[in-house]
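Enquirer:
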Amino acid sequence: MPMFDIIPIPAFDDNYIWAIVHPLNNQVVIVDPGDAKPVKAFLQNHGLSLQAILITHHHHDHTGGLAELCQTHECIAYGPSSMEPICQVVEDGDSVQLFNNSIHLSVIASPGHTLDHLVYYGHDWLFSGDTLFSAGCGRLFEGTAEQLWQSLQKLQLLPNNTAVYCAHEYTLDNLYFAQSLEPNNRDITIAINQMIAHACTLPSTIGQEKRINPYFRTHLPEIQKKLGFNDSFQSFKKMRSLKDTWQVKS
Ligand SMILES: [Zn+2]
């Protein structure tokens, strides 16, 4: 199996559009093109041909460049039913074949941030969109806390070595929030010290998220006590709502 490069294309203030680059034939698959312009520049600069696009959910910062890229390139786009007809619709349990069937990614429904949210998993990669961030998770826009909770439970079952490619650079802010909940967690302190020096903090891994992501740690008595519950889901719900208004103290 050739070694694929997975390269972040920065967009807007803090979005990443991920490019999966085949090392031998100059083909590329793009995940969540919120803007066509940086993607086109990337393709041109590296002499790449766009084969396919994956969409995680309908938000404009993930889909804004989709129509233009589909018009100007011979490529196929996959996404949730909210993206019909521009995307070929995929749903939970489907598999997407990429690079002439050399890569298969499983489609996993992950509602919560939006109702249509999908993530793509395979080849030790997880394209988690706005469901799972490093040290955090997406806001609840359309779904319920229960739905997002179930979605994150599913993602925790993936192997620890799964690389997590999420769609935003929110890691440091998330880590400071995580530290406010778990001041004695050494892994969080180490991660903050490491990430401060990096413009791009991704990918993370599922194993690392189990050590630093408070939304993966709500089963721990210390976290539950801090949030005033002795229940994992209630602690999750409280944590998610606290984060909505939380700000780093300067
Ligand atoms: Zn979103």
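Using this note's numbering, you'd call the opening residue of the sequence shown number 1028 and step up by one each time. Cβ atoms here follow ideal geometry from the backbone N, Cα and C, with glycine treated the same way. Every value quoted in this text rests on a predicted model; they were computed, and no experiment measured them.
For D1040, is the beta carbon positioned less than 7 Å from some heavy atom of ligand 1?
Expert: no
Enquirer: Would you say I1215 and A1205 are within 8 Å of each other, going by their C-beta atoms?
Expert: At the C-beta level, I1215 and A1205 come within 8 Å of one another.
Enquirer: Which of the three DSSP states, helix, strand or coil, is assigned to V1066?
Expert: When DSSP states are grouped into helix, strand and coil, V1066 belongs to the helix group.
Enquirer: Give me every residue whose Cβ sits closer than 5 Å to any heavy atom of ligand 1, in chain order.
Expert: H1086 and D1157
Enquirer: At which residues does the beta strand (DSSP E) containing W1152 begin and terminate?
Expert: W1152 to G1156
Enquirer: Would you grab the beta carbon distance between L1077 and C1102 for me? Rounded to a whole angstrom, and I think it's under 8 Å.
Expert: 5 Å
Enquirer: Please report the Cβ distance between G1163 and Y1197, rounded to the nearest whole angstrom; I am assuming they are in contact, meaning their Cβ atoms lie under 8 Å.
Expert: 6 Å
Enquirer: So L1096 packs on P1037, CB below 8 Å; how close in whole Å?
Expert: Not confirmed; about 17 Å, so no contact.
Enquirer: Please classify S1168 as buried or exposed, where buried requires at least 16 neighbouring CB atoms within 10 angstroms.
Expert: Correcting the residue type first, residue 1168 is Phe in the shown sequence and not Ser. So F1168 counts as exposed.
Enquirer: If you reduce the DSSP assignment to three classes, tell me which class Y1148 lands in.
Expert: strand
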